[in-house]
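Data first, discussion second: the structure below is written as structure tokens.
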Amino acid sequence: MTVFYAVILWLTVAICAYHGYVNNTLEPAARQLLDFKLDHPKPIGILTTMAGKPVDIRDTTTLNNDALTSNEYFLDDVMHTTAERIPERVVHAKGTGAFGYFEVTHDVSKYTKADVFNGIGKKTPVAVRMSTGLASKGGNDIAREIKGFAIKFYTNEGNLDFLGLNVPIYFYTDPSLFSQILHVFKKNPRTNLLDITAQWDFATLKPILLHGLFWFYSDYGSPNGYRKMDGFPIHAYELSNKHGDRYFAKFNFRTEQGLENLTTAEVAAITSQDLDYATRDLYNNIALKNYPSWRIEMDVMTSHDITNVDYNPFDVTRLWKNGTYHTVQIGRLVLDRNPDNFFEAVELSAYNPGSLVPGINSPPDAIFKSRRLIYRDTQNYRLGINHNRINVNAPKYLKTYNRDGVPPVNDNMKDVPNYYPNSFSGPVPFIDESRPKERIIVFDSNAVDLESSSNFYKYILNDEGKKQRFIDNIVSSLIPVVPAVREKVLKLLTLVDLELGIRVRVGVTAARARVRDESLLTIHH
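Using mature numbering (1 follows the signal peptide of the UniProt record, and there is no 0), the letters of the sequence shown correspond one by one to residues -17 to -1, 1 to 508.
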């Protein structure tokens, strides 16, 4: 009996120590395997081949057997491994995601008939993906970049996708610049390195980019993880209520964790330890039930307001002027569940700006029109023509005449007629009687307008600390730039704001002098 009680005591101490180690020593992301073991004390089942045949333990090794002709388990394993990667996203390649819900907290039926936004207390499931803008999948979560913020609402009227950024503006208004700016901010085709000279050269030739670059080089370019940044779908969406009245709105997702950004020095310190900082931070907080949340609101103009302001309200590179709109609260977004499988829930996810619902209609700007085409095309390439039948992308309700193609096809609409119109009870369209009968056509200006960039420096950077960090970041970026391009940048900055141009020029001169002195000292030694 003494031995028995000793064994029981040892097991009790070991279990307590194990749980203490799990609960107190490891962060949730690091203890995921241990948590799985706690949930499944015994193996979850018999190992099988991809065809479902139970695997004999002797087939788990290829030593001393004919693996190529008799070992299906080995063939499954090696052939699947060589084919398990899918094309990387061209932009926003590195990201993370979570599931949660949206809850309506305010009545907005005056502005939109969208079912998802009507009915105080109504909850709608959501999937969210947050990402870096330009880094590859192996990149740095918190490198200075504009971040992505995409939300998929699984509504009763279809999926509603908002694709936003952590800043409230976009870089350009001409869709033809997409490929060029992507090449500029990706790697040099010869050196395979980022080329800051190319970036600034392009900006001086296309000054419309400058406002976006100002956000990029400010504190907003390095948020402290995904939980502590805002999200902005950037476009001015047309809304309609059940009476057919039209409004125009920009949606904002305001973090309830408190907006927080990192300095360049803080980014460098964190990056030296963890390239996955933002991914880890989101996962751990959700696992610890510290659920991140965002307040959803919209800035609204009436159809009369939108045509009588003294600027283009559909210009995605500029902010709406104070006093020309009012802000309406809608609800809250809460993320409360980490994906069980990252690839299935995040890598296979597809967010399309064109996925809208009745009551929320397409913005008229050219960037939106191009995005709804480009995103669909890249998702067809990356995931296949049936990407909306993948679980994470599938709407609650789907009746379509599209079928076949690369899997998944699910039930493939079974024996429903495969053409429309037909006389044999196939799905039919509905009539949206309150859908607006007019549409706005926007003519964009090609003129160089530096007002937004100037206002950013004067008013968004509203204290000296923010301005100095912004200037320091620009100065650091200009040191390796070739002299002719650097001089063009300095002149352009002076046109934006005289003080800004002078301060950056002084900073560049001082920084180059330090570099020269350090070089001479190295040569001397």
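From the three backbone atoms N, C-alpha and C, an ideal C-beta is built for every residue, glycine too. Here the structure is a predicted model, which is why all the values come from computation and not from measurement.
Using the C-alpha atoms, what's the distance from residue 88 back to residue 203?
Answer to the nearest angstrom: the Cα atoms are 28 Å apart.
Judging by CA-CA distance, which residue of 128, 486, 408 is the nearest neighbour of residue 118?
Closest by alpha carbon: 128.
Have a look at residue 398 and residue 281 and give me their C-alpha separation to the nearest angstrom.
Between the alpha carbons of residue 398 and residue 281 lies a distance of about 44 Å.
Do the segment 215 to 224 and the segment 241 to 260 touch if we need at least three Cβ pairs shorter than 8 Å?
Flag = no, the segment 215 to 224 and the segment 241 to 260 do not touch.
Going by DSSP, name the residue or residues bridged to residue 106.
Per DSSP, 86.
Run through the DSSP bridge pairs and tell me what residue 244 is partnered with.
Paired residues: 206.
Suppose only complete runs of 3+ residues qualify. What are the beta strand (DSSP E) ranges in the segment 127 to 191, listed by chain order?
Along the length of the segment 127 to 191, whole beta strand (DSSP E) runs at least 3 residues long occupy 130 to 138, 141 to 148, reported in chain order.
Per the contact definition of three or more C-beta pairs closer than 8 Å, is the segment 133 to 140 in contact with the segment 83 to 101?
In this structure the segment 83 to 101 touches the segment 133 to 140; the number of beta carbon pairs closer than 8 Å is three or more.
Whether or not the segment 67 to 82 and the segment 350 to 367 are in contact is what I'm after, with contact meaning three or more pairs of Cβ atoms, one per stretch, closer than 8 Å; do they touch?
With a cut-off of 8 Å, the segment 67 to 82 and the segment 350 to 367 count as touching, because enough Cβ pairs lie within range.
For residue 302 and residue 230, I'd like the C-alpha separation in whole angstroms.
Straight-line Cα distance between these residues: approximately 18 Å.
For residue 240, which of 225, 274, 92 has the nearest alpha-carbon?
Of the candidates 225, 274, 92, the one whose C-alpha sits nearest the C-alpha of residue 240 is 274.
Using a Cβ-Cβ cut-off of 8 Å (strictly less than) and excluding sequence neighbours within five positions of residue 226, which residues of its own chain qualify?
Result list for residue 226: 417, in chain order.
DSSP beta-bridge partners for residue 326?
The secondary-structure analysis by DSSP pairs residue 326 with nothing; it has no beta-bridge partner.
Residues sharing a beta bridge with residue 37, DSSP:
When beta bridges are read from the DSSP output, residue 37 appears opposite 31.
Which of helix, strand or coil DSSP assigns to residue 498:
Helix at residue 498.
For residue 411, count the other beta carbons within 10 Å of its own beta carbon; 16 or more makes it buried, fewer makes it exposed. Which is it?
Residue environment for residue 411: exposed (fewer than 16 other C-beta atoms within 10 angstroms of its C-beta).
Considering only residues of the same chain and omitting the five flanking positions on each side of residue 42, which have a CB-CB separation below 6 Å?
Here residue 42 has 54, 56 as same chain residues with Cβ atoms under 6 Å from its own Cβ, once five neighbours each way along the sequence are excluded.
Please identify the residue among 467, 457, 414 whose C-alpha is closest to the C-alpha of residue 494.
That would be 457, whose Cα lies nearest to the Cα of residue 494.
Taking only the alpha-carbon atoms, compute the straight-line gap between residue 445 and residue 265 and give it to the nearest angstrom.
Cα to Cα, residue 445 sits roughly 29 Å from residue 265.
Starting from residue 512, trace the beta strand (DSSP E) both ways and give me its first and last residue.
Outside the shown range of the chain, which is -17 to 508, sits residue 512, and nothing can be said about it.
What is the DSSP secondary structure of residue 300, reduced to helix, strand or coil?
DSSP, reduced to helix, strand and coil, places residue 300 outside both helices and strands of the structure shown, so it counts as coil.
Span separating the alpha-carbon of residue 196 from that of residue 361:
So the two alpha carbons sit approximately 25 Å from each other.
At what residues does the beta strand (DSSP E) containing residue 280 begin and finish?
From DSSP, the beta strand (DSSP E) with residue 280 extends over 276 to 285.
Measuring CA to CA, which of 475, 479, 455, 23 is closest to residue 492?
It is 455 whose Cα lies nearest to the Cα of residue 492.
Inter-stretch contact (C-beta, 8 Å, three-pair minimum) for the segment 235 to 255 and the segment 187 to 196:
With fewer than three CB-CB distances shorter than 8 Å, the segment 235 to 255 does not count as touching the segment 187 to 196.
Helix or strand or just coil, what does DSSP make of residue 72?
Coil, per DSSP.
Residue 97 by DSSP, collapsed to three states: which one?
If DSSP states are grouped into helix, strand and coil, residue 97 belongs with coil.
Residues near residue 114 by beta carbon distance below 7 Å, same chain, minus five either side:
A distance below 7 Å between beta-carbons, with the five flanking residues on each side excluded, links residue 114 to the following residues of its chain, in chain order: 75, 77, 78, 130, 131.
When you compare the segment 372 to 383 with the segment 297 to 315, are there three or more beta-carbon pairs, one atom per stretch, that lie closer than 8 Å?
The segment 372 to 383 is not in contact with the segment 297 to 315.
Helix, strand or coil, according to DSSP, for residue 78 in the structure here?
Three-state DSSP puts residue 78 in a strand.
Within 8 Å, strictly: CB atoms of residue 147 and residue 111
Taking 8 Å as the Cβ cut-off, residue 147 and residue 111 do not qualify as a contacting pair.
Taking 8 Å as the cut-off, decide whether the C-beta atoms of residue 81 and residue 321 are in contact.
Yes; because the gap between Cβ atoms is below 8 Å, this pair is in contact.
Residue 496 to residue 470 span [Cα, whole Å]
Each residue's Cα considered, the two are about 16 Å apart.
Beta-carbon within less than 6 Å of residue 448's beta-carbon, same chain only, minus the 5 sequence neighbours each way: which residues are those?
For residue 448, there are no CB contacts under 6 Å within the same chain when 5 residues up- and downstream are skipped.
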